[in-house]
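> Quick one: structure below, then a few questions.
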Amino acid sequence: MKLPRRKVLHLAAGAAALPAASRFARADTYPSRPVHLIVGFPASNASDIIARLMAQSLSDRLGQQFVVENRPGAGSNIGTEMVVRAAPDGYTLLLVAPSAVINATLYPNLNYNFIRDVAPVGNIGSSSFVMMVNPSVPAKTVPEFIAYAKANPGKINMASAGNGTATHVFGELFKIMADVDLVHVPYRGSFLPDLLGGQVQVAFGPIAQSVELIRTGKLRALAVTTASRSAALPDLPTIGEFVSGYEASALYGVGAPENTPTEIIGRLNEELNVVLADPKIKERLADLGFVPMPMTPAEFGKLIADETEKWGKVVRAANIKPE
Numbered sequence: 012m013k014l015p016r017r018k019v020l021h022l023a024a025g026a027a028a029l030p031a032a033s034r035f036a037r038a039d040t041y042p043s044r045p046v047h048l049i050v051g052f053p054a055s056n057a058s059d060i061i062a063r064l065m066a067q068s069l070s071d072r073l074g075q076q077f078v079v080e081n082r083p084g085a086g087s088n089i090g091t092e093m094v095v096r097a098a099p100d101g102y103t104l105l106l107v108a109p110s111a112v113i114n115a116t117l118y119p120n121l122n123y124n125f126i127r128d129v130a131p132v133g134n135i136g137s138s139s140f141v142m143m144v145n146p147s148v149p150a151k152t153v154p155e156f157i158a159y160a161k162a163n164p165g166k167i168n169m170a171s172a173g174n175g176t177a178t179h180v181f182g183e184l185f186k187i188m189a190d191v192d193l194v195h196v197p198y199r200g201s202f203l204p205d206l207l208g209g210q211v212q213v214a215f216g217p218i219a220q221s222v223e224l225i226r227t228g229k230l231r232a233l234a235v236t237t238a239s240r241s242a243a244l245p246d247l248p249t250i251g252e253f254v255s256g257y258e259a260s261a262l263y264g265v266g267a268p269e270n271t272p273t274e275i276i277g278r279l280n281e282e283l284n285v286v287l288a289d290p291k292i293k294e295r296l297a298d299l300g301f302v303p304m305p306m307t308p309a310e311f312g313k314l315i316a317d318e319t320e321k322w323g324k325v326v327r328a329a330n331i332k333p334e
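The numbering used here applies: residue 12 is where the sequence shown begins, and numbers increase by one.
What follows is the structure in structure tokens.
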């Protein structure tokens, strides 16, 4: 049967519109089932705390459960690789943590390239870390600590959550810029019990994990690592006020497997930014030493690239090797 020309043109136009229509339909109906947000660290880690706060808010907004799934190990590489290998359909997401911009240099033989294989969805914000000491340390300020460290080279133990973690490289940057000799002591679990007990004397840790210990006087905070003071500890100076140019902030965001449809990434980015604008969420994040910084996917991708370059230089300068 020969169709009229008008009918043929109508069908052709309809067929041409199908791919675009189906793409938008996926975004409109997403999510239609639970979404898994992978965290490459154990429960109660700073990354886990942020992930659960975001997951609950996204669940409330989108009507589907965002399930936080902890997959710790190998400095978050296990969780990251799980996301890299997942179907690019928006149902497996990654909580992007500081390790993402450190591991690219720290691990020479990764099975993935973070910048190539993880699509940036959106930035959540940056977290201040805090330089804190056991109360037995006589220093009450950063200059006093530097003087104390110079008078006791190689005698002060600096704890971290492991080689190449943010708690380590933030401390290494301080050692380089302040020209002090601290002995690095990596932990596989939390270093806080030994910091409280005095077996180690100083650490650079997330405010979210230590703020109550600081407020109750169990640990003494000397300064925050970010360029600006933290709302969580507003009276505390920045390290940069005493060590010119020092700045270390921990980025947190959301990523997805490469080739995840751009409209799904756009939907997630939009919803994430709405959550970050919620006054209650902003207040909760501020109490954890966290500054919300909504970004487009492209802006977040540039931030990841810039931070990868910055911390790569520190890893190489301090000759940090994975455990």
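A virtual CB, placed ideally from N, CA and C, is assigned to each residue, including glycine.
Everything numeric in this text was worked out from a predicted model, so none of it was measured.
Report all residues from its chain with a CB closer than 6 Å to the CB of T319; omit the five preceding and five following residues, and keep chain order.
As a first step, residue 319 must be located in the sequence shown, where it is residue number 308. These residues qualify, in order along the chain: V112, A115.
> Within 10 angstroms of its Cβ, does G208 collect 16 or more other Cβ (buried), or is it exposed?
Looking up residue 208 in the sequence shown gives position 197. By the 10 Å Cβ count, G208 comes out exposed.
> Flag this pair as touching only if the segment 154–169 and the segment 235–250 have three or more C-beta atom pairs under 8 Å; answer yes or no.
Counting Cβ pairs under 8 Å, fewer than three are found: no touch.
> Use the C-beta contact count for R44: other C-beta atoms within 10 angstroms, 16 or more gives buried, fewer gives exposed.
To locate residue 44, count along the sequence shown from 1; it is residue 33. Classification of R44: exposed, given that the 10 Å Cβ count is below 16.
> According to the neighbour-count rule (16 or more other Cβ atoms, all chains shown, within 10 Å of its Cβ), is I250 buried or exposed?
Position 239 of the sequence shown, counted from the first residue, corresponds to residue 250. That one is buried.
> What is the residue span of the beta strand (DSSP E) that F181 lies within?
The sequence position of residue 181 within the sequence shown is 170, counting from 1. Taken as a continuous stretch (DSSP letters only), F181 belongs to no beta strand (DSSP E), being part of the alpha helix (DSSP H) at 177–189.
> Quick one: Cα of G216 to Cα of V50, how far?
Reading the sequence shown from its first residue, position 205 is the one you call residue 216. Reading the sequence shown from its first residue, position 39 is the one you call residue 50. In a straight line, the C-alpha of G216 is about 18 Å away from that of V50.
> Run through the DSSP bridge pairs and tell me what E282 is partnered with.
What you label residue 282 is simply residue 271 of the sequence shown in a count that begins at 1. According to DSSP, E282 bridges with nothing at all.
> Does the contact criterion of 3 or more C-beta pairs under 8 Å hold for the segment 123–137 versus the segment 256–276?
The answer is yes - the segment 256–276 touches the segment 123–137, with three or more Cβ pairs under 8 Å.
> Looking at C-alpha atoms only, which residue of L105, V254, E223, F125 is the closest neighbour of A189?
Taking the sequence shown and counting its residues from 1, the one referred to as residue 189 is at position 178. The shortest Cα separation from A189 among L105, V254, E223, F125 belongs to V254.
> I'd like the span of the beta strand (DSSP E) that includes Y263, first residue to last.
As a working mapping, residue 263 is identified with position 252 in the sequence shown. Element bounds for Y263: 260–268.
> What runs of the beta strand (DSSP E), each 3 residues or longer, lie entirely inside the segment 129–181?
Correct list: 129–144, 168–171.
> My understanding is that P53 touches F311, with C-beta atoms under 8 Å, so please give their C-beta distance in whole angstroms.
Residue mapping note: residue 53 aligns to position 42 of the sequence shown, counting from 1. Residue mapping note: residue 311 aligns to position 300 of the sequence shown, counting from 1. With a Cβ gap of about 25 Å, P53 and F311 do not count as contacting.
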